[in-house]
Every structure is written in C-alpha cells, then in structure tokens.
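Enquirer: Can you keep this structure in mind? I'll have questions shortly.
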Amino acid sequence: MMKQLRKSASGLGVKLLLGFVVVAFVVTGFSSFFTGTTSGTVLSAGDTEISQSDYRLAFRLSENALIQRLQRRPTQEDMQRADLDAQVLLKLTSDAVLDEQGRKLGLGLSEERLARLIADDPSFQDAGGGFSRAAFANIMRDIGMREAEFIRNREKAAVRSQITEAITDGVTSPAVVKTAFGLYNGERRTVEYLTFAPALVEPIADPAADVLAKYFEEHTSRYRAPEYRSVAYAVLTPESISDPAAVTEEQIAADYEKSGARYVTPEKRRVQQIVYADSAAADAAKTALDGGELFEQAVVKSGRSVEDTQLGLLAKSEIPDPAIADAAFALAPNTVSAVVEGAFGPAILRVTEVQPESRRPLEDVRDEIRTALALETAAGATRQVYDAFEDARAGGQTFEEAAKAAGLEVKTIPAISLSGLDASDKPVADLPASQEFLRSVFTTEAETENLPLNLPAGGSLFYEVAKIDQARERTLDEARERVLADWKADETERLLSERIAPLQKRLEGGETIDQIAASEKLEKSTAASISRQTAPGEIGREGAIAAFGGKSGHIAVAPAADGRSKLLLKVTEVATAADPLANVAKEQSDQLDALLRNDFFETYISELEATYPVRRNPQALEQVRTQIR
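So for the sequence shown, this note's numbering puts the first residue at 22; every next one is plus one.
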C-alpha cells in the first residue's frame, strides 16, 4: 500500500516540480476549489462529506494555534490578518480528498493509538501538559459536536497522517540544492571603502523662498494631512474602576489572616544524595559512615563527585520522591541519614543547609493586599458599571455624562489619524486595543453611539467620535518646518553624490582606494572576509547588496548604515566556499527538506482532487461562518 501511495506522487508532475526547486527554488501553491454539494455539508469529495461540525472544530483548533502564537485571544482583525477562514477551508479540502483516499484503501487505526493522539493534542491539555477533561468538554460544547462524532473526526485525521507520512517520509532536498545554498551563503568578500558623511558638505544654507516653494509644490502629496478624528473613550476594567482607598484596615488584616499561607515561604534544605546499586552497598557505606568515614569519602568511593550528589536548595514539595523528601526534612543539619529506599534505589542523604520557614509581615504586604482586595471588589462591579453606562446612554445622556454617571474616566484625543498619529505626526501614546480601536473609530460617524469593544485582556472600551476633519492639502506655512528639513536632506544627498561622482570615475580609471583617500583626506576602511549574512553589520544592508552585486573588482556607491552617509566601495577579493554544505545551517537544511515534502504533498493533493472532485456548499459555509462569528 505504501508503494502504491508513493507511486501516485512520483510521476512527471513531481519531477517537473523538483526541477523548479533545483533551478529557482520555487514553491507552488494548492489547487483551486470546485463548487457544489448537499445542504448541511460544507464540502464533499467522492463519498466523503465534511460537516459543519467538522468546520467548527477545524476553526477552533486553528484559533487555538493562533492564541498560542499571539499569547492572547485574537481579535477579529487578527483572524482576518491570519486569513483563518481561508486556511480552514484549504485544510478541509485536502482533508476531504485524503479521507476519500483512505476510505478507498481501507485504512484504519487502533483504539489505543487513537486515544493517545487525542490526549496528546495541545488543545485539550492543561497548563501542566496533561489531558484536561474540562478543556475537552469545553471545546465539544463550543463547537456543538458530540464526543463520538469528534472521535470519528480524529480517527480520520490519523488516517490522513498515515497517508501523508507515506508520501513524504524520507523526502529530503537534493544535495545540488543545498550545495547552491551553501555556495551562496558561504561566499566571502573583502571590500575596501570610503565613507562620505554629511559633515563634508554641511552646513546647508536655507534655500530662497521661491526654491522652497517650488520644492513644496513638487512634493505636495508628501505633506498631505490625513483625515483626523477627535474621539473620547472610557475604559472599563477592574483596574480602571478599582478604589484601593476604599479598602479598610480591618479588611486588610482579615485577608492577611485568612490567606496567610500566600505570604509564607516554606522551609528549604540543601540536600545531598548518594544512590547505590543495591541495599548491600548502601548498608556497607552507612556502616563506614557510622564508623567515622567522611561523607565526601563515601561519595568518592561510590564513583561520583560531590557535585553529582547535589539535589539543590529545595522545599519539601519540590522533591519528587516522597521517601527522600520525608527523610531529608527529618534530618538535623550536617548529619547523615539512614539508608532510604528511594525511587531510584537505596540512598544515603545529608543536609548541609536549612532555611527556616518565614512569613512576610503585614506591613510588607499591606499595599499588595489593598490592591488585590480593591481589584476583587471592582471585578464584581464591572457588570453593574457597564449597565449603568448603557442605561444612561439609553436615557439620552451624552457620552461624558454617561461615563460620569457610571464612574468611568473619560479620555479625549483631540486629533488622531488612522495610523495612530496626532496632528504633529507623532504616535498617540497608550491607545487601548490600538488596531481594533482605530479601525472602529474610522468606520463610525461623528456623535454616533457605538457598541463597546472587547479588550484583549478583558473588559470593555466605550468610545464616541466627536469631530471629523477630512483629509486635505497642507499649506507651505503649516508644513514649513518639515519641508525645510526634507529639502536640506535632499540637498545634502545631492552634494554628496556630486562629490563622489568624479572620485568613482577615478577609481574606475585605475586609481586605488588608498590614493583617493589620501587626496581627499579621508580614512580608508576595510570589511574583510564578509559574507551576505555578516556584511550588513559592517557596511549596512544597502552596502551589503552593493558589495555582492558584481564580481571581483566591482565598484559601487551605496547608502551607509546610518541612512545619511554614502559609501564608495570596491570589492578586492572574492572567495568561494570550500565546503558549501558546511555553510547550510541545520535550520535552513530542515526548511529546504520541509519545502520539498510540502511540494510532494501538494502535488499528491492536486492529483487526488482530479480523482475525487471537491464540491463546495456556499450556503452551508456561510451559515457556519456566521455561527462562529
């Protein structure tokens, strides 16, 4: 069966694809979708149908992967940017044809293997990495899928993995491809260069009024004022409405007594352990120790170093073996234990340091408790504050009046662009949920009541646009400071280019960098044995591109790393990598292998789609997407 799978992915299409990889390192994409199927089914291929529950599950799993990548709940904008809907549909399309192929081939999976695959899925694991029944039940409830249906879904996924592994297992990028990458990565060059700093042509005098006016007219679009909006907003979170001053001393004292364990640092001990192969060896060592032998001598006789015996400074709960933990915490300091039957064999222990249990005094944690109690009270009041604001708005109060009635602080931004800049083109600081907030602010109308936004970390954001200033052309007087700075920057670049041009001709005519440096009273610099990876750190990104833009003897002018200076450079030496493959990092080699495996997989999927045409149901798709939103 494996041979049959490989055969179907090893035809002319794959050979042509491999040719593209060798010549140009091209990666191809998936095939497009076909349309049409029955109601209630999102898509189908042959006798295989993908249900709306399958779509919801795939979407939820993709969303969980995005959450792990972002380390927070994604906003609608995050999901649109990740193109989650398209990714899910693409995945389900390949799933459908693979399921149909698996059905035709009669592939299956044992119950034990299936149970392990489900338990190992990160989506169903708790913080410790173990299977969480609660997480599993929550996802089943969210997607509206029965457990039996989910298990069937995962069984199909496992079968798909069998097929995919059969197609891609052992596929590696050809040596010729990796050699080409190695030659590219490993090429070394030595570059001599002169740096022409702005100071060589500065100071730049202010231009005449008509010159500046003409420059402004030629670059008017550069100074165009974008649309600005004035917006008021109020943040509702436990932090924004908490009132630490309202917490009494009695409440603080009561919480300290109630939650005292939170402020206790448990006793810790520095423990040493010698583990023996059997009880006889351990008993003999204990007898020797009781007879006056030093612990260090026993360590040496056991074939270990003192460092090998160190368990560290640990609390009792941090020692995983209960027998060892009990014995260690029963020992007096600098005494040796009896033989302890530990999990890894009989052991002898010694405790060399004891840090007693300690409790932080109330005075040290008073502010911490005050803040925590205030937040706890505020968390219980957020719904009440939310309703108070909404009720006030429904009663006809203005945004500011409603916020005041609900006890919320109103902040006002006089002018902000869609890019988050103020009227002076400086970023507006501390924007809440910045991207979604800006998008919402610029898709509403002035003085319109808007639905509050959900903040990524929890809470609500109320907002109202007070005024809209349409985009317009700025006058020269408004933009004069920026126009003058831009003109001087352009003039500096022009004068530097004028100075370098004849020097470049002299260099191309046969003079050396040293001769030009001497005549111009400049210091020659050398970037020795640089590669494409190291060159930007020495001569900047543009300088690196120029340095590798020709063969030995190549001469070029490029911007320096500071963005203002210019470089006149000459390549004096080119060295080819002696061992190209040694210049391909493991990560890059793995990426090349993964790209080729992906190409094999995509080619195979394309062939399956031709064998089992995929039919999509637009109505069912739109319905399930609406439910998810």
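Don't be surprised by glycine CBs; every beta carbon is placed ideally from N, CA and C.
Can you list, in chain order, the residues of its chain with a C-beta nearer than 7 Å to that of Asn475? Leave out the 5 residues immediately preceding and following it.
Expert: Mapped onto the sequence shown, residue 475 falls at position 454. Correct list, in chain order: Ser481.
Enquirer: Can you name the start and end residues of the alpha helix (DSSP H) that Tyr76 belongs to?
Expert: Along the sequence shown, one-based indexing puts residue 76 at 55. Per DSSP, Tyr76 belongs to the alpha helix (DSSP H) from 73 to 91.
Enquirer: In whole angstroms, give me the CA-to-CA distance for Phe237 and Tyr244.
Expert: Taking the sequence shown and counting its residues from 1, the one referred to as residue 237 is at position 216. Taking the sequence shown and counting its residues from 1, the one referred to as residue 244 is at position 223. If I take the Cα positions, the gap works out to 8 Å.
Enquirer: With distances taken between CB atoms, is the gap from Ala79 to Leu138 smaller than 9 Å?
Expert: If you number the sequence shown from 1, residue 79 lands on position 58. If you number the sequence shown from 1, residue 138 lands on position 117. No, Cβ-Cβ distance for Ala79 and Leu138 is not below 9 Å.
Enquirer: Let me know the secondary structure DSSP gives Ala351 once reduced to three states.
Expert: Here residue 351 refers to the residue found at position 330 when the sequence shown is read from its first residue. Coil at Ala351, not helix or strand.
Enquirer: Comparing C-alpha positions only, which one of Glu239, Val285, Ser182, Ala107 sits nearest to Arg381?
Expert: Counting from one through the sequence shown, the residue named residue 381 turns up at place 360. Nearest C-alpha to Arg381: Val285.
Enquirer: Do Val372 and Pro354 count as a contact pair if the criterion is CB distance below 9 Å?
Expert: Working through the sequence shown from its first residue, we reach residue 354 at position 333. Working through the sequence shown from its first residue, we reach residue 372 at position 351. Result yes, Cβ atoms of Pro354 and Val372 sit closer than 9 Å.
Enquirer: How close, in whole Å, do the beta carbons of Ala660 and Leu543 come, if the pair is a contact with beta carbons under 8 Å?
Expert: Nothing can be reported for residue 660, as the shown portion of the chain is limited to 22 through 650.
Enquirer: What number of angstroms, rounded off, separates the C-alpha of Ser242 from the C-alpha of Ala492?
Expert: Indexing the sequence shown from 1 puts residue 242 at position 221. Indexing the sequence shown from 1 puts residue 492 at position 471. One C-alpha to the other measures close to 11 Å.
Enquirer: Flag this pair as touching only if the segment 357 to 367 and the segment 290 to 302 have three or more C-beta atom pairs under 8 Å; answer yes or no.
Expert: Touching, yes.
Enquirer: Going by the DSSP bridge assignment, what does Asn475 pair with across the sheet?
Expert: Position 454 of the sequence shown, counted from the start, is the residue given in the question as residue 475. Note: Asn475 sits in a beta bridge opposite Ser481.
Enquirer: Expressed to the nearest angstrom, what Euclidean distance is found between the alpha-carbon atoms of Gln146 and Val252?
Expert: Counting from 1 along the sequence shown, the entry for residue 146 is found at position 125. Counting from 1 along the sequence shown, the entry for residue 252 is found at position 231. So the two alpha carbons sit approximately 43 Å from each other.
Enquirer: Taking the alpha carbon of Arg173 as the point to measure from, which residue in Pro634, Glu608, Glu70 has its own alpha carbon closest?
Expert: Start at 1 with the first residue of the sequence shown, and residue 173 comes out as number 152. With distances taken between Cα atoms, Arg173 lies closest to Glu70.
Enquirer: Could you give the uninterrupted runs of the alpha helix (DSSP H) lying entirely in the segment 308 to 355, keeping only those of 4 residues or more?
Expert: The segment 308 to 355 contains these whole alpha helix (DSSP H) runs: 316 to 322, 327 to 330, 343 to 349.
Enquirer: Considering Cα atoms alone, identify which of Pro95, Val63, Leu91, Leu119 is closest to Tyr633.
Expert: Stepping through the sequence shown from its first residue, residue 633 is reached at position 612. Looking at the Cα atoms, Leu119 is the closest of the given residues.
Enquirer: What are the start and end residues of each continuous alpha helix (DSSP H) run of 4 or more residues lying completely inside the segment 540 to 608, in chain order?
Expert: The qualifying runs are 556 to 568.
Enquirer: Please identify the residue among Ala348, Ile560, Asn604, Ser74 whose C-alpha is closest to the C-alpha of Thr200.
Expert: Residue mapping note: residue 200 aligns to position 179 of the sequence shown, counting from 1. With distances taken between Cα atoms, Thr200 lies closest to Asn604.
Enquirer: Can the beta-carbon of Pro453 be found less than 9 Å from the beta-carbon of Tyr249?
Expert: Translated into positions along the sequence shown, residue 453 becomes position 432. Translated into positions along the sequence shown, residue 249 becomes position 228. Not in contact: Pro453 and Tyr249 (Cβ atoms no closer than 9 Å).
Enquirer: When you compare only the Cα positions, how much space is there between Val645 and Phe157?
Expert: Within the sequence shown, numbered from 1, the residue matching residue 645 stands at position 624. Within the sequence shown, numbered from 1, the residue matching residue 157 stands at position 136. Between Val645 and Phe157, the C-alpha separation is close to 21 Å.
Enquirer: Helix, strand or coil for Asn638? Go by DSSP, reduced to three states.
Expert: Taking the sequence shown and counting its residues from 1, the one referred to as residue 638 is at position 617. DSSP places Asn638 in coil when its eight states are reduced to three.
Enquirer: Does DSSP classify Ser65 as helix, strand or coil?
Expert: Residue numbering aside, residue 65 sits at position 44 when the sequence shown is read from its first letter. Strand, per DSSP.
Enquirer: Between which two residues does the beta strand (DSSP E) containing Thr419 stretch?
Expert: As a first step, residue 419 is located in the sequence shown; it is residue number 398 there, counting from the start. No beta strand (DSSP E) holds Thr419; DSSP gives it neither H nor E.
Enquirer: May I have the straight-line CA-CA distance separating Gln101 from Ala117, to the nearest angstrom?
Expert: Start at 1 with the first residue of the sequence shown, and residue 101 comes out as number 80. Start at 1 with the first residue of the sequence shown, and residue 117 comes out as number 96. C-alpha separation (whole angstroms): 24 Å.
Enquirer: CB Pro367 to CB Ser280, shorter than 9 Å?
Expert: Indexing the sequence shown from 1 puts residue 367 at position 346. Indexing the sequence shown from 1 puts residue 280 at position 259. No, these two residues do not count as a Cβ contact at 9 Å.
Enquirer: Can you name the start and end residues of the alpha helix (DSSP H) that Lys279 belongs to?
Expert: In the sequence shown, residue 279 corresponds to position 258, counting from 1. Note, Lys279: alpha helix (DSSP H), 270 to 279.
Enquirer: Could you please give the first and the last residue of the uninterrupted alpha helix (DSSP H) stretch that includes Ser115?
Expert: In the sequence shown, residue 115 corresponds to position 94, counting from 1. From DSSP, the alpha helix (DSSP H) with Ser115 extends over 105 to 126.
Enquirer: What would DSSP say about Ala305, mapped onto helix, strand or coil?
Expert: The residue you call residue 305 lines up with position 284 of the sequence shown. Of the three classes helix, strand and coil, the one that applies to Ala305 here is helix, per DSSP.
Enquirer: Using CA atoms only, rank isn't needed, just tell me which of Ala220, Pro228, Arg81, Ala234 is closest to Ile164.
Expert: Looking up residue 164 in the sequence shown gives position 143. Measuring from the Cα of Ile164, the nearest candidate turns out to be Arg81.
Enquirer: Quick one: give me the first and last residue of the alpha helix (DSSP H) that Phe171 is part of.
Expert: Counted from its first residue, the sequence shown places residue 171 at position 150. Unbroken alpha helix (DSSP H) run through Phe171: 168 to 189.
Enquirer: Tell me whether Ala412 sits in a helix, a strand or coil according to DSSP, three-state version.
Expert: As a working note, residue 412 is residue 391 in the sequence shown. Residue identity differs from the one stated: residue 412 is Asp in this sequence, not Ala. Three-state DSSP puts Asp412 in a helix.
Enquirer: Let me check one thing: in DSSP terms, what residues is Tyr214 bridge-paired to?
Expert: On the sequence shown, position 193 is the one that residue 214 refers to. Paired residue(s): Ser546, Leu590.
Enquirer: Can you tell me which of the three DSSP states Val232 falls into?
Expert: Translated into the one-based positions of the sequence shown, residue 232 becomes position 211. Note: Val232 maps to helix in three-state DSSP.
Enquirer: Would you identify the three-state DSSP class for Val256, choosing helix, strand or coil?
Expert: Stepping through the sequence shown from its first residue, residue 256 is reached at position 235. Strand at Val256.
Enquirer: Could you tell me the boundaries of the beta strand (DSSP E) in which Lys289 lies?
Expert: The count along the sequence shown starts at 1 and reaches residue 289 at position 268. Per DSSP, Lys289 belongs to the beta strand (DSSP E) from 289 to 296.
Enquirer: With a threshold of 16 other CB atoms inside 10 Å of the CB of Asp18, please say whether the residue is buried or exposed.
Expert: No answer is possible for residue 18: the residues shown for the chain start at 22 and end at 650.
Enquirer: Report yes or no: do the segment 199 to 217 and the segment 544 to 564 share at least 3 C-beta pairs separated by less than 8 Å?
Expert: The segment 199 to 217 is in contact with the segment 544 to 564.
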